[in-house]
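If you read the sequences in order, they're chains P and F.
Letter 286 of the first sequence, counting from 1, is numbered 286 in the numbering used here, and no numbers are missing.
Letter 243 of the second sequence, counting from 1, is numbered 243 in the numbering used here, and no numbers are missing.
See structure below.
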Amino acid sequence: MKNIVIGQYVPGNSYLYRLDPRTKIIGVIVLMTAVFLLKTIPQLLLALGLALVILISGRISIIRVLKGLKPLFILLLFTFFFQVFFNKEGALLLDETMTLSLASVAGIVLWTIVWRLSARMNRFRFLLLLIYLAGLYFLFVYLPYGYVLTSFPFRIYQKGLEMSIFVIIRLVIIITLSTVMTLTTKPTDLTQGLEKLMHPLKIVGIRSEDFALIISISLRFIPTILDEANKIMSAQASRGADFSEGRLKDKIKQIISLLVPMFIIAFKRSEELADAMESRNFVPGKPRTRISELVFGRLDILTTVFLIACLAGSIVSRVLS
Amino acid sequence: MAIQFREVSYHYPSGGVNFYQAITDISLEIAPKDEFICLVGETGSGKSTLAQHMNALIFPTSGAVEIFGSKITSKRNKKIKYNDLRKHVGLVFQFPEYQLFEETVEKDIMFGPLNFKVPHDEAKLLAEKAIRQVGLDETYLKRNPFNLSGGEKKRVSIAGILALDPSILVLDEPTSGLDPAGKKQLMELFAKIHRDTGKTTIVITHDMDLVYEYATRVLVLHEGGLVFDGVPEALFRRDDLQSFSLDYPETIRIMKLVKTEFDLDIDIYKQTVTEAAREIERVMLG
Chain P
1 MKNIVIGQYV PGNSYLYRLD PRTKIIGVIV LMTAVFLLKT IPQLLLALGL ALVILISGRI
61 SIIRVLKGLK PLFILLLFTF FFQVFFNKEG ALLLDETMTL SLASVAGIVL WTIVWRLSAR
121 MNRFRFLLLL IYLAGLYFLF VYLPYGYVLT SFPFRIYQKG LEMSIFVIIR LVIIITLSTV
181 MTLTTKPTDL TQGLEKLMHP LKIVGIRSED FALIISISLR FIPTILDEAN KIMSAQASRG
241 ADFSEGRLKD KIKQIISLLV PMFIIAFKRS EELADAMESR NFVPGKPRTR ISELVFGRLD
301 ILTTVFLIAC LAGSIVSRVL S
Chain F
1 MAIQFREVSY HYPSGGVNFY QAITDISLEI APKDEFICLV GETGSGKSTL AQHMNALIFP
61 TSGAVEIFGS KITSKRNKKI KYNDLRKHVG LVFQFPEYQL FEETVEKDIM FGPLNFKVPH
121 DEAKLLAEKA IRQVGLDETY LKRNPFNLSG GEKKRVSIAG ILALDPSILV LDEPTSGLDP
181 AGKKQLMELF AKIHRDTGKT TIVITHDMDL VYEYATRVLV LHEGGLVFDG VPEALFRRDD
241 LQSFSLDYPE TIRIMKLVKT EFDLDIDIYK QTVTEAAREI ERVMLG
């Protein structure tokens, strides 16, 4: 819990940093729409290439983006297998009989132990998982010896494979795009951009300033509250609370011992903050000036042109196909 | 030795909120009995970090802490029951009133003992004993902790640790946020518990008057390093305290002034105001 970093902003000075946050927000939305309009794998690969060009020209390290993708690996894997197993269209690519026999059960147990032991080197955990899954496949297919418990067919169809690759590339592009935005935009700039973009909603009675304020205050207090949570967890640990182990009943009690103080502190803090804001003459809904106003520059106009081109390109490809 | 630090360093993981706080290369020993230690140092000097090493809440980045025979290093050792160490070394956090969460004082004090699998009836007795130890009476046990005053809340949360019957008591700035009278009362209380039980007590504080009056040993931290370990008087005989952002106790400052202003031959190192007054009286009359 100690290492949670809120907002992935990494300081830099490429053109992506100099863009107006409004342009970036709209840009991400437009590019995502464009990606969703695409229909074939080659088109998607082209889009992926374009995303890479944006990354490289913006001098963003690809490793960092990959790190951002890391928590989503499991989701990607799940999507992949879901598509592969359940999409039964197109030509048959692979047809094997999977058998669960005594020999394969023994193999699986052994293989799992090997995997768990090697997974302690957590640098290549994901790679190991892939090797493990591949190994499982071979165990199922090539070890039908001994007493056979059950067997089932395993078929992969062309369309299924294509769809799974398609979906994964699309997910990767979308995640990359949004990562680029969060990597290059400070959370405060992002909220300011959102505030300006939501400004027209005033007509229907929604005050975007209030939303922006709520978001920026929440962002500001996440580290503080986390710090507070750590302190209370340590304090309760000093009284023997164990937040990781124990039966469910004990665990609930221990979580309550964290939550009650957290709520009390949060309420207290919010009252203090409200007083501090009021004493500095903050009035909700009243217009406020800013230290730095957003400027829509030449770079933003260029980017807008590029965005329109991208969207037009994908619409054309959609209409033509 | 009850707690032994051997070349202990600790750095908060980068990116964290407390990055500036760290301790470097600290070696010291703490006896299980009869020590009343004050830990002083400027804000951010690593006092709280050091205290949290004493009951294995944090593990040293390098070096080792030995707590009642269990060696704590940067790696988690499955053989060590870290939770049990926390029973031996009771750590009261700064603003302990924030840890209260039960609907009665009694339940809150019993939370600790119950976590250590003490039977319910016994825990109840421990709670009664603990509440008396902190100078409150049994009527408090049935009250709601959130309706108590600040000082009472502090006492109740300290009782929550005392109920564990730790061998060593560590208190992180227990007097902060209290009025002068409350501070004095609370320190009196710790001194009394120390006298009655002989338990080694470690108090983190900024108040040099309290240090001089109560401590048998002072540890000074400065920018994460241990720069002084000895009796209070030896510390106050030094003339470089300012370089550690520390100040002399009020009595010593006044006595120094009296000595130079009136050119008197007096012993300026008197622990309490009364003793200082006696000393002046002795010289003036005698």
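Backbone N, C-alpha and C define an ideal beta-carbon position, used for all residues, glycine too.
Close to chain F, meaning a Cβ-Cβ distance shorter than 7 Å, are the following residues of the stretch 240-252 of chain P: 240, 241 and 242.
Counting along the chain, residue 247 of chain F sits inside no alpha helix (DSSP H), nor does DSSP assign it H or E at all. Proximity to residue 178 of chain F across F:161, F:164, F:155 and F:159 peaks at F:155, based on C-alpha coordinates. When DSSP states are grouped into helix, strand and coil, residue 271 of chain F belongs to the coil group.
About 26 Å separates the beta carbons of residue 46 of chain F and residue 160 of chain F, which is beyond the 8 Å limit, so they are not a contact pair. When C-beta atoms of the stretch 166-182 of chain F are compared with those of the stretch 202-221 of chain F, three or more pairs fall below 8 Å, so the two segments count as touching. Within the model, the alpha-carbon separation for residue 61 of chain F versus residue 9 of chain F is close to 6 Å. 83: these are the residues of the stretch 74-85 of chain F whose beta carbon lies less than 7 Å from some beta carbon of chain P, given in chain order. Contact annotation, residue 90 of chain F with residue 166 of chain F: C-beta distance approximately 3 Å; criterion of less than 8 Å satisfied. Within the same chain, and ignoring the five residues on either side of residue 6 of chain F in sequence, the residues whose Cβ sits closer than 8 Å to its Cβ are 27, 63, 64, 65 and 66. Residues of chain P with a Cβ closer than 7 Å to the Cβ of residue 115 of chain F are, in chain order, 239, 240 and 241. A Cβ-Cβ distance of about 6 Å is found for the pair residue 157 of chain F and residue 99 of chain F, placing them in contact under the 8 Å criterion. The beta-carbon distance between residue 134 of chain P and residue 125 of chain P, rounded to whole angstroms, is 15 Å. This is too long to meet the 8 Å contact definition.
Counting along the chain, no alpha helix (DSSP H) covers residue 117 of chain F, and no H or E run does either.
For residue 261 of chain P, no beta strand (DSSP E) encloses it; the enclosing alpha helix (DSSP H) starts and ends at 248-279.
Selection F:41, F:92 and F:32 evaluated against residue 52 of chain F yields F:92 as nearest (Cα-Cα). If you ignore the 5 residues before and after residue 96 of chain P, its C-beta comes within less than 6 Å of the C-beta of 141 and 154, all in its own chain and listed in chain order. If you look at residue 157 of chain P, you'll find it in the beta strand (DSSP E) that goes 148-157.
Following the DSSP letters along the chain, one finds residue 221 of chain F inside the beta strand (DSSP E) bounded by residues 217-222.
The beta carbon of residue 245 of chain F sits closer than 7 Å to the beta carbons of 42 from its chain, once the five residues preceding and following it are set aside; these are given in chain order.
Among the residues of chain P, none has a CB under 8 Å from the CB of residue 214 of chain F; the nearest is roughly 23 Å distant. Between residue 136 of chain P and residue 93 of chain P, the CB-CB gap reaches or exceeds 8 Å. The beta-carbon distance between residue 28 of chain P and residue 177 of chain P, rounded to whole angstroms, is 5 Å. This is short enough to meet the 8 Å contact definition. Bounds of the beta strand (DSSP E) holding residue 71 of chain F are 70-72. Taken atom to atom, the span from the alpha-carbon of residue 255 of chain F to that of residue 268 of chain F is near 5 Å. Distance between residue 221 of chain F and residue 182 of chain P, taken at the CA atoms: about 40 Å.
For residue 261 of chain P, at least one C-beta of chain F is nearer than 8 Å to its own C-beta. Taking the Cα of residue 172 of chain P as reference, the smallest distance to any Cα among P:65, P:151, P:255 and P:91 is reached at P:65. Under the Cβ criterion of 8 Å, residue 292 of chain P is not counted among the residues facing chain F. Neighbours of residue 160 of chain F in chain P, taken as residues whose beta carbon is under 7 Å from its own, are 239 in chain order. Assigned with DSSP and collapsed to three states, residue 33 of chain F falls in strand. Put simply, the CB of residue 119 of chain P is far from chain F, with every gap to its CB atoms at 8 Å or more. Judged by DSSP in its simplified three-state form, residue 50 of chain F adopts helix.
For residue 146 of chain F and residue 95 of chain F, the gap between their C-alpha atoms comes out near 14 Å.
The C-beta distance from residue 108 of chain F to residue 101 of chain F rounds to 7 Å, short enough to meet the 8 Å contact threshold.
Short of 8 Å from the beta carbon of residue 104 of chain F, and not among the five residues preceding or following it, lie these beta carbons of its own chain, in chain order: 141, 142, 143, 144 and 145.
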